[in-house]
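Below you'll find the structure, written out as structure tokens, and then a few comments.
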Amino acid sequence: MATKATSIKLFSISTPQMRAFHLTWMAFFVCFFAWFACAPLMPVIKGEFGLSVAQIANINIAAVAITILVRLVVGPLCDHFGPRKTYTGLLLLGSIPVIGVAFAQSYESFLLFRLGIGAAGASFVITQYHTSVMFAPKVVGTANAAAAGWGNAGGGVAQAVMPLLMTAMVMLGVSETYGWRAALLVPGVLMIVMAGVYYRFTQDCPQGNFSELRAAGITIDGGKKGGWDSFKLASTNYRVWMLFITYGACFGIEIFIHNIAAIYYVDHFKLTLPQAGMAAGSFGLLALFARALGGWVSDKFAAAGNLNNRVTLLFVLMLGEGAGLLLFANAGTAALAIGAMLVFGLFTHMACGATYAIVPFVDKRALGGVAGIIGAGGNVGAVAAGFLMKGLGNVQQTLSILGIVVAASALCALAARFSSSAVEETATAAELAA
0 MATKATSIKL FSISTPQMRA FHLTWMAFFV CFFAWFACAP LMPVIKGEFG
50 LSVAQIANIN IAAVAITILV RLVVGPLCDH FGPRKTYTGL LLLGSIPVIG
100 VAFAQSYESF LLFRLGIGAA GASFVITQYH TSVMFAPKVV GTANAAAAGW
150 GNAGGGVAQA VMPLLMTAMV MLGVSETYGW RAALLVPGVL MIVMAGVYYR
200 FTQDCPQGNF SELRAAGITI DGGKKGGWDS FKLASTNYRV WMLFITYGAC
250 FGIEIFIHNI AAIYYVDHFK LTLPQAGMAA GSFGLLALFA RALGGWVSDK
300 FAAAGNLNNR VTLLFVLMLG EGAGLLLFAN AGTAALAIGA MLVFGLFTHM
350 ACGATYAIVP FVDKRALGGV AGIIGAGGNV GAVAAGFLMK GLGNVQQTLS
400 ILGIVVAASA LCALAARFSS SAVEETATAA ELAA
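For the sequence shown, numbering that gives the first Met the number 0 assigns the number 0 to the initial residue and increments by one for each residue that follows.
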């Protein structure tokens, strides 16, 4: 019987584990590209619809709010239906508002479609679930972080590519009003294509698909608890809620920066739209390596046999993120702001990777529930940051306060430390899997 992979053979797609690894980060990339495709075009959209600061804040909040609910639901759905069917469904349903936003004719309709697009952000939970059930303890942190990081880069690519795609449409003779709309059709079509590929070429776990295994009476490692049972079991574990907070302070900040960076560089530093897109995109592109680096370092720290080394690493990364965010908030020039953004962005992405390097060890009986709740924490953080900006009406002041909050939330990482028995059990399991 097939077992979890104990190594990552990056240039191979011959095994179910590696096919799942590559296709799950690609699906995540497409979803994140679609999720943030509107953000770098907001300066143009703002002018077309005559949006106020409060309306832009509402749009940013809507973009991440629905994801909280969908992330809570999608984890248990993975336990029940398996990640293959769950991802396929999310890609197909998510493509509807992505395509629909291109046809928005008012602030209200744009806001509604932007709310729907937020469902694509739940793709992260499925990606983390799929890699968690495919890879053994000694490499699962690296697998989770690499798949999430490369997929996450879709947000950064969208920041850089969407303004160029709109510019290309305009150069072909399309007006600016229709140029951004035509550009936004691209990610919607990509989601539909990816849905077909994912359903055809992946399976739920090393042994096969959940429905077939259950029918054969075979116990499933990742989905022992299904649906509501998974959520209830995860929700009673205090470590889940500590990591919910830390993830809100790292991934939540990441989402917030994705949504405000381009318009911040245009309004505050007077950069052009392509320049602002490139600057904002550089933050997202850090995910290509930084998130994977966080997971890899976590695996290396835990190799000594102490699971709590993963927790200590997360604590240090959160402190670095908070300090870097304060530097970014107080940068006086565009060059200094971009430099500071890259510094705190490195810590932010690594902290995200380090968080989900811990997730597979929190409660193996309810992996979907754990992944879903902690994933939702990221969006709660982003929504809270959006409301803070709306209340203060000042981006720099918002960023300064967030820097202090992030540093303080590092204490929650320490509170998630594991008992000595859990550390010993994990060390034994790692030795058996080696």
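Quick reminder that beta carbons are idealized off the backbone N, C-alpha and C, glycines included.
Element boundaries [alpha helix (DSSP H), containing residue i]
{"i": "serine 399", "result": "394 to 414"}
{"i": "phenylalanine 346", "result": "333 to 355"}
{"i": "serine 210", "result": "209 to 214"}
{"i": "proline 39", "result": "That residue, proline 39, is in no alpha helix (DSSP H); it is neither H nor E in DSSP."}
{"i": "asparagine 378", "result": "366 to 391"}
{"i": "leucine 284", "result": "272 to 284"}
Three-state secondary structure (DSSP) of residue i
{"i": "phenylalanine 134", "result": "strand"}
{"i": "glycine 120", "result": "helix"}
{"i": "glycine 74", "result": "helix"}
{"i": "alanine 101", "result": "helix"}
{"i": "methionine 17", "result": "helix"}
{"i": "alanine 328", "result": "helix"}
{"i": "alanine 233", "result": "helix"}
{"i": "tryptophan 294", "result": "Residue identity differs from the one stated: residue 294 is glycine in this sequence, not tryptophan. Glycine 294: helix per DSSP, three-state reduction."}
{"i": "cysteine 204", "result": "strand"}
{"i": "alanine 1", "result": "coil"}
{"i": "leucine 316", "result": "helix"}
{"i": "isoleucine 12", "result": "coil"}
{"i": "leucine 89", "result": "helix"}
{"i": "phenylalanine 250", "result": "helix"}
{"i": "serine 419", "result": "helix"}
{"i": "isoleucine 244", "result": "helix"}
{"i": "isoleucine 7", "result": "coil"}
{"i": "threonine 218", "result": "coil"}
{"i": "asparagine 305", "result": "coil"}
{"i": "aspartate 362", "result": "coil"}
{"i": "phenylalanine 27", "result": "helix"}
{"i": "leucine 171", "result": "coil"}
{"i": "leucine 431", "result": "Because leucine 431 sits at a pLDDT of 46, beneath the cut-off of 50, its placement in the model cannot be relied upon, and the point is left open."}
{"i": "phenylalanine 112", "result": "helix"}
Candidates the options: closest to residue i by CA position
{"i": "asparagine 57", "options": "Gly154, Thr347, Asp266, Phe386", "result": "Phe386"}
{"i": "glycine 99", "options": "Gln127, Asn236, Ala182", "result": "Ala182"}
{"i": "alanine 278", "options": "Val188, Ala62, Glu320, Ala339", "result": "Ala339"}
{"i": "alanine 61", "options": "Ala381, Val156, Thr85", "result": "Ala381"}
{"i": "glycine 392", "options": "Val52, Phe282, Gly172, Ser11", "result": "Val52"}
{"i": "alanine 157", "options": "Val185, Trp240, Trp24", "result": "Val185"}
{"i": "serine 234", "options": "Leu366, Arg309, Leu50, Arg213", "result": "Leu366"}
{"i": "tyrosine 198", "options": "Arg180, Tyr237, Ser281, Tyr86", "result": "Tyr86"}
{"i": "glycine 276", "options": "Thr2, Ala36, Val405", "result": "Ala36"}
{"i": "valine 296", "options": "Met133, Met349, Gly195", "result": "Met349"}
{"i": "tryptophan 66", "options": "Phe134, Ile116, Leu164, Val29", "result": "In the sequence under discussion, the amino acid at residue 66 is threonine, which differs from the tryptophan named in the question. Ranking the options by Cα distance to threonine 66, first place goes to Ile116."}
{"i": "alanine 336", "options": "Tyr263, Ala303, Gly376", "result": "Tyr263"}
{"i": "glycine 331", "options": "Met317, Gln395, Arg18", "result": "Gln395"}
{"i": "threonine 130", "options": "Gly402, Ala26, Ile372", "result": "Ala26"}
{"i": "isoleucine 403", "options": "Ala384, Gly371, Lys389, Asp228", "result": "Ala384"}
{"i": "cysteine 204", "options": "Lys231, Lys269, Ala135, Leu171", "result": "Ala135"}
{"i": "serine 419", "options": "Ala38, Gly304, Ser108", "result": "Gly304"}
{"i": "glycine 368", "options": "Ala38, Trp227, Glu47", "result": "Trp227"}
{"i": "phenylalanine 230", "options": "Ile219, Gly371, Ile357, Leu163", "result": "Gly371"}
{"i": "alanine 261", "options": "Phe200, Thr311, Pro162, Phe243", "result": "Pro162"}
{"i": "lysine 84", "options": "Ile357, Ser11, Phe200, Thr218", "result": "Phe200"}
{"i": "isoleucine 244", "options": "Ala407, Ser6, Phe20", "result": "Ala407"}
{"i": "leucine 341", "options": "Ala286, Leu313, Pro359", "result": "Ala286"}
{"i": "asparagine 308", "options": "Val315, Phe314, Phe300", "result": "Phe300"}
{"i": "proline 82", "options": "His267, Thr311, Tyr128", "result": "Tyr128"}
Test item: CB-CB of residue i and residue j under 8 Å
{"i": "phenylalanine 32", "j": "glycine 153", "result": "yes"}
{"i": "phenylalanine 346", "j": "leucine 398", "result": "no"}
{"i": "threonine 166", "j": "proline 273", "result": "yes"}
{"i": "arginine 416", "j": "cysteine 351", "result": "no"}
{"i": "glycine 140", "j": "glycine 374", "result": "no"}
{"i": "glycine 148", "j": "leucine 284", "result": "no"}
{"i": "aspartate 362", "j": "lysine 137", "result": "no"}
{"i": "isoleucine 252", "j": "leucine 306", "result": "no"}
{"i": "glycine 178", "j": "methionine 190", "result": "no"}
{"i": "asparagine 378", "j": "isoleucine 254", "result": "yes"}
{"i": "glycine 73", "j": "leucine 89", "result": "Per the sequence shown, residue 73 should be read as valine rather than glycine. Yes, these two residues count as a Cβ contact at 8 Å."}
{"i": "lysine 280", "j": "alanine 118", "result": "The identity of residue 280 in the sequence shown is glycine, whereas the question assumes lysine. Cβ atoms of glycine 280 and alanine 118: not closer than 8 Å."}
{"i": "valine 29", "j": "methionine 193", "result": "yes"}
{"i": "proline 15", "j": "valine 265", "result": "no"}
{"i": "leucine 22", "j": "valine 132", "result": "no"}
{"i": "alanine 334", "j": "leucine 270", "result": "no"}
Residue i Cβ short of 7 Å to the ligand MN heavy atom set
{"i": "leucine 71", "result": "The model depicted lacks the ligand MN and carries no ligand whatsoever."}
- For the region 408 to 420 against the region 236 to 249, are there 3 or more C-beta pairs whose distance is under 8 Å? yes
- Message: Whether or not the region 117 to 128 and the region 85 to 95 are in contact is what I'm after, with contact meaning three or more pairs of Cβ atoms, one per stretch, closer than 8 Å; do they touch?
- Response: yes
- Message: Does the contact criterion of 3 or more C-beta pairs under 8 Å hold for the region 141 to 157 versus the region 353 to 360?
- Response: yes
- Item | Cβ pair count under 8 Å reaching 3, the region 74 to 84 against the region 205 to 220 | yes
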